[in-house]
Structure formats: structure tokens, C-alpha cells
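Peer 1:
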Amino acid sequence: MTDLALLGGPPVRTRPFQAWPQFDEAELGVLADVLNSLRWGGIHTGSQGESFETELAEYLQVPHATAVANGTAGLMIALRALDVRPGDEVVVPAMTYLATATAVSLLGGVPVFADIDPATHTITGSSLKAAISERTKAVIAVHLGGHPADMDGLGAIADAYGIPVVEDCAQSLGATWKGTQTGSLGAIGVFSFASTKNISAGEGGAVVTHDHELTERVAALRDHGRPLGRTAQHVELGWNLRLSEFQSAVLRVQLQRLERHLAAKAKGAAFLASALSSLPGLTPVPAALDPRVTAHGRFSFAFTFDGEAFSGEQTRSVTLRAFRTALQAEGIPVSARDLIACPDEPIYADISSRDYSRSRTASAEQARTACSTLVLLGQAAGSGLLLDEPTELTDVARAVQKIHENRHHLHQEQRQSARRRVSSDH
Ligand SMILES: Cc1ncc(COP(=O)(O)O)c(C=O)c1O
12 MTDLALLGGP
22 PVRTRPFQAW
32 PQFDEAELGV
42 LADVLNSLRW
52 GGIHTGSQGE
62 SFETELAEYL
72 QVPHATAVAN
82 GTAGLMIALR
92 ALDVRPGDEV
102 VVPAMTYLAT
112 ATAVSLLGGV
122 PVFADIDPAT
132 HTITGSSLKA
142 AISERTKAVI
152 AVHLGGHPAD
162 MDGLGAIADA
172 YGIPVVEDCA
182 QSLGATWKGT
192 QTGSLGAIGV
202 FSFASTKNIS
212 AGEGGAVVTH
222 DHELTERVAA
232 LRDHGRPLGR
242 TAQHVELGWN
252 LRLSEFQSAV
262 LRVQLQRLER
272 HLAAKAKGAA
282 FLASALSSLP
292 GLTPVPAALD
302 PRVTAHGRFS
312 FAFTFDGEAF
322 SGEQTRSVTL
332 RAFRTALQAE
342 GIPVSARDLI
352 ACPDEPIYAD
362 ISSRDYSRSR
372 TASAEQARTA
382 CSTLVLLGQA
392 AGSGLLLDEP
402 TELTDVARAV
412 QKIHENRHHL
422 HQEQRQSARR
432 RVSSDH
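Per our numbering, the sequence shown runs over residues 12 to 437.
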């Protein structure tokens, strides 16, 4: 018999970890204020939007931030501001949230997939170099999970070829590279404030740059093509991708909590990294922090799962899916989604599907391996558990330990459910 929760035993943890997103009376108060002001956004705008932009720009140490409807919209605006046109190629990582690539496709551009560094899951200067062609218009560096990409290596190649670097900071608000905030390192940076992100208003985004001309184009592209402060004329073919006053007000409050959250998450992640790396088959990503990463955004805590090493002497190894399901049953919130490398997503893999599926894959081997071995904890799994104290997080290690001790039973269960699947197919 086994006491694995998946097979009917008592779970390691029944109390919830901290929730995500987080809020308190402050958000409730500002939402009521905006309601009462009758200045909710759009043409009836109040001061929340501008104040949020000023405060975000100050935090990131950039001259100006432009708040937008969401991160995908921010990427599209950034690419259009850099004059990405139909048929232009934009290099993107082969492993990222797909919106990095679809933002290119939605403008008629061609995403070119470049492989990731298995140690950090971000693209490198050499994978960028191998993906560049005469049609390359830009590269998007994604700071995946909150871990900054190697901006030195990428910057050197991008500069040599005269290609602007767009930073996709959807998951990295607060992360720093050699002391400088992500988003302010390349030509233009884009943030997302969706529910799982480091600050959130349910939806939202921002575009930041040091370049004044780019700022003006970004502002016009967000607002029907109207330049900042000149409301009568439409000078650019733009969208309405503005943020409401409710969202800006909530984000101002959330921004004040960011540094405290980052410090707590850094402590939680350090504890988990040391507790989990002593268990067989589990390797935190990254295994050790590059000293140039002066702050990690900690959108997620990621580790790779090696089923064979975890199973040891067993003939057949525990699958990633079985391991994840067993962990969830023990009360540990891990991401339930199977990850797919971008080139293998139907819209890009099935070239007969639609016109906008045009893409090119320079390399994706490491991305595919990472997708088939990765386990995600934290906000990526909709949980605030990294905010918890080590006394609580110890349950994560206890659950893994328990699954390891009972791996024979998990192995039998896998075999039986595979048999059940085969017989139900016939
Ligand atoms: C890496 C990355 N890029 C882009 C996006 C798109 O942001 P949004 O969901 O706000 O459109 C996300 C968010 O899910 C993301 O994680």
C-alpha cells in the first residue's frame, strides 16, 4: 500500500499557500475613489494614468513609460514603433509565452525562432547570431520567469548587426541586470500586468524607452494615432489600447508593494533551491545565479525533472506528467499545463493552417528539451507561494520526498493508466 495522495492517501498539505494576486484595503480604497470621481478613463480621463506612468518611469529609471491595455498590445506597439512591416523578420526565443511570437505575426512579420540557453531558458548572443538574415528587423529578448537574458551577449551581436533589442519584460518587473532594471537595457521594453504578473490589475501593460521619438510614436499608436497632448489630429494609423483609470489606480498601489514582494520571493526561492536540489533528478533553473543578475524577478520558481534520475534503479522512469499530478495531489500548486516550444504550436507547426503561421526556426532543440522537463511553481502556476516563509515551503520538499519514496507505486499507476487508455481506445 502507498499513502500517496494521488492514490487515496492523506496529502502533505491541506492549508493553502499564499494567494496570487495580492491586494488589501488600499486597492479597495482607490477603486472607490476612481468610481466616485466619474473619471474612469478614455476621453474622461483623470490623473491616475499619468501618475502611474510617472511612478513606473521613476522606478525603472527611464524618462517616460506609456501604459497600454496589455503586454501583447505593448509588444505590437513597440514593434510597429520600430517600423516592423509585413515580411520583416523578428528573432524570438523558441521557448516563451507564445504572445512574444504572435505579436510579430499579427503585424504581418515573420517570427524566427532561436534556441535558449538550457541554464537560464533565455536566448543568447550566439543563438541570435545564427538566426539573423538580411530581413531581420529586430530581436525580442524575453526575461523568462523573471530571469534577465544575457543582455551583454545579446547587445554585442545586436549592435554589430544594427538590430534593435526589444525586451519582453512581461515576467520580469523588478529584475535587474548589473544593477539596471530590465526594460531599460535595450531599445524598448514591454511589461504585462495580467493577473499572474509581478504587479497586476487583471490586465494591463506598459512600454518604456529612453528614446524620445519612440515614446511619441508609442503614445500615438496607443491612442488612435493622436500624439501626446494634441488631441485633434491623427498623425499615425493607431489603435485604442489605453489603460483605464481603475487599472492605473490599482497598479500604483501594487507598485508600492513590489520591492517587499521581491525580497520575500528571493528568500523563498533561495530556500526552495537548496531544499530541492538535494533530491534526485531535480535541478533548479538556474542552478546558480549569474552574478550579473543583481535581482531576479521571480515570476516563477522553475526546476527541471529528470524522470530517470528520480526513479533510480527502476526500469521505467516516472513521467513528468505523473510527477506533476502527484505533487498537485499532495497540495503543492504546480503549473498543470504541458509546455510546448513555440515552433511546435499548431499555428506555426501546421504550415497549411493560415497565412499568419509563417515563421522560420533557426534552432529549437534546447527549447524542446526544456519544455518536456520543466516544472513551474509560483505565479506561473497562479500561486503566491514564494511569499511564504521557509517553515511553510518545507512542505514542497516533503511532498517531493514522499513521491520519491513511493515512486514504485506511481510507476505502477502510470502503467495501469496507460493500459486503461489503450483498452479504451479499442
Ligand atoms: C513572456 C510574455 N510575453 C508576453 C505576454 C503577453 O502579455 P499579456 O497577457 O498582458 O498580453 C506574456 C503574458 O502572459 C508573457 O508571459
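Note that the Cβ used here is the ideal one computed from N, Cα and C, for glycine as well.
Measuring alpha carbon to alpha carbon, tell me which of V73, G98, A347 and A169 ends up nearest S116.
Peer 2: With distances taken between Cα atoms, S116 lies closest to G98.
Peer 1: Cutting at 7 Å between CB atoms, please list the residues of its own chain near S3, excluding the five before and the five after it.
Peer 2: No information on residue 3 is available, as it lies outside the stretch 12 to 437 that the chain covers here.
Peer 1: Counting only C-beta atoms, is D126 closer than 8 Å to chain B at any point?
Peer 2: Protein chains in the displayed structure number just one, and chain B is not present.
Peer 1: In whole angstroms, what separates the C-alpha of V329 from that of T380?
Peer 2: Whole-angstrom Cα-Cα distance: 16 Å.
Peer 1: Reducing DSSP to helix, strand and coil, say where M12 ends up.
Peer 2: For M12, the predicted model reports a pLDDT of 49, less than 50, meaning its position is unreliable and no value from the coordinates is stated.
Peer 1: So the beta strand (DSSP E) T147 belongs to, where does it begin and stop?
Peer 2: Unbroken beta strand (DSSP E) run through T147: T147 to V153.
Peer 1: When every heavy atom of ligand 1 is checked, does at least one fall within less than 7 Å of the C-beta of E214?
Peer 2: Answer for E214: yes, Cβ within range of ligand 1.
Peer 1: In chain order, what residues of the same chain have a beta carbon less than 6 Å from the beta carbon of L290, not counting five sequence neighbours either side?
Peer 2: Excluding positions up to five away in sequence, the list reads V411.
Peer 1: Would you say the beta carbon of T193 comes nearer than 7 Å to a heavy atom of ligand 1?
Peer 2: Every heavy atom of ligand 1 is 7 Å or more from the Cβ of T193, so no.
Peer 1: Using a threshold of 8 Å, state whether the C-beta atoms of F202 and A212 are closer than that.
Peer 2: No, these two residues do not count as a Cβ contact at 8 Å.
Peer 1: Between the beta-carbon of T187 and the beta-carbon of A306, is there less than 8 Å?
Peer 2: Contact: yes.
Peer 1: With DSSP as the reference, identify every bridge partner of L385, one or two as the case may be.
Peer 2: Paired residues: T315.
Peer 1: Does the segment 239-254 touch the segment 265-280, meaning 3 or more C-beta pairs lie closer than 8 Å?
Peer 2: Counting Cβ pairs under 8 Å, fewer than three are found: no touch.
Peer 1: By DSSP, does R371 sit in helix, in strand, or in coil?
Peer 2: R371: strand per DSSP, three-state reduction.
Peer 1: Using the three-state DSSP reduction, which class does I134 fall into: helix, strand or coil?
Peer 2: Three-state result, I134: strand.
Peer 1: Considering just the uninterrupted stretch of the beta strand (DSSP E) at D406, what are its terminal residues?
Peer 2: Here D406 belongs to no beta strand (DSSP E); instead the alpha helix (DSSP H) covers P401 to E416.
Peer 1: Just to confirm, does G82 get its C-beta within under 7 Å of one of the non-hydrogen atoms of ligand 1?
Peer 2: At least one heavy atom of ligand 1 is nearer than 7 Å to the Cβ of G82, so yes.
Peer 1: From which residue to which residue does the alpha helix (DSSP H) around E38 run?
Peer 2: First-last of the alpha helix (DSSP H) with E38: E36 to S48.
Peer 1: Cβ atoms of L232 and I88: under 8 Å apart, would you say?
Peer 2: Contact: yes.
Peer 1: Identify, in the order they occur along the chain, each residue of the same chain with its Cβ nearer than 7 Å to the Cβ of G190, setting aside the five sequence neighbours on each side.
Peer 2: Cβ neighbours of G190 beyond the five flanking positions: T305.
Peer 1: Kindly indicate which three-state DSSP category G308 falls into: helix, strand or coil?
Peer 2: DSSP places G308 in coil when its eight states are reduced to three.
Peer 1: With 16 other CB atoms within 10 Å as the buried threshold, where does S311 fall?
Peer 2: With 16 or more other Cβ atoms within 10 Å, it is buried.
Peer 1: Assign S116 to one of three DSSP states: helix, strand, or coil.
Peer 2: In the structure shown, S116 sits in a helix (DSSP, three-state: H, G or I).
Peer 1: Only counting the same chain, and skipping five residues up and downstream in sequence, which positions put a Cβ closer than 6 Å to that of G157?
Peer 2: Closer than 6 Å at Cβ, skipping near neighbours: Q182, S183, A186, H307, G308, R309 and F310.
Peer 1: Drop a sphere of 10 angstroms on the beta-carbon of L17, count the other beta-carbons inside from all chains shown, and report buried for 16 or more, exposed for fewer.
Peer 2: The residue is buried, with at least 16 neighbouring Cβ atoms inside 10 Å.
Peer 1: Please classify D35: is it buried, with 16 or more other beta-carbons within 10 angstroms of its beta-carbon, or exposed?
Peer 2: So D35 ends up on the exposed side.
Peer 1: Residue range of the alpha helix (DSSP H) that V261 falls in?
Peer 2: Residues E256 to S288.
Peer 1: Determine the burial state of E61: buried for a count of at least 16 other Cβ atoms within 10 Å of its Cβ, exposed for fewer.
Peer 2: It counts as exposed.
Peer 1: From this set, D349, Q258 and S370, which residue's C-alpha is nearest Y359's C-alpha?
Peer 2: When only C-alpha atoms are compared, the closest one is S370.
Peer 1: Strictly by DSSP, which residues pair up with V123?
Peer 2: For V123, which the question treats as bridged, DSSP gives the partners V102 and R371.
Peer 1: Run the CB neighbour count on R253, radius 10 Å, all protein chains shown included, and call it buried at 16 or more, exposed below.
Peer 2: Label assigned to R253: buried.
Peer 1: Pick out whichever of Y172, A298 and G279 has its Cα sitting closest to the Cα of D406.
Peer 2: Closest option to D406, Cα to Cα, is G279.
Peer 1: Need the endpoints of the alpha helix (DSSP H) that P295 sits in, please.
Peer 2: Here P295 belongs to no alpha helix (DSSP H); instead the beta strand (DSSP E) covers L293 to V296.
Peer 1: I want to know whether the segment 218-237 touches the segment 167-174 - three or more CB-CB distances under 8 Å.
Peer 2: Touching, no, given that fewer than three Cβ pairs across the two stretches are closer than 8 Å.
Peer 1: Excluding five sequence neighbours on each side, which residues of the same chain lie with their C-beta closer than 6 Å to the C-beta of E64?
Peer 2: If we look at E64 and ignore the five residues flanking it on each side, its Cβ neighbours are A76 and A78.
Peer 1: For a test of the three-state rule: what should DSSP assign to Q192, helix, strand or coil?
Peer 2: In this structure, Q192 counts as strand in the three-state DSSP scheme.
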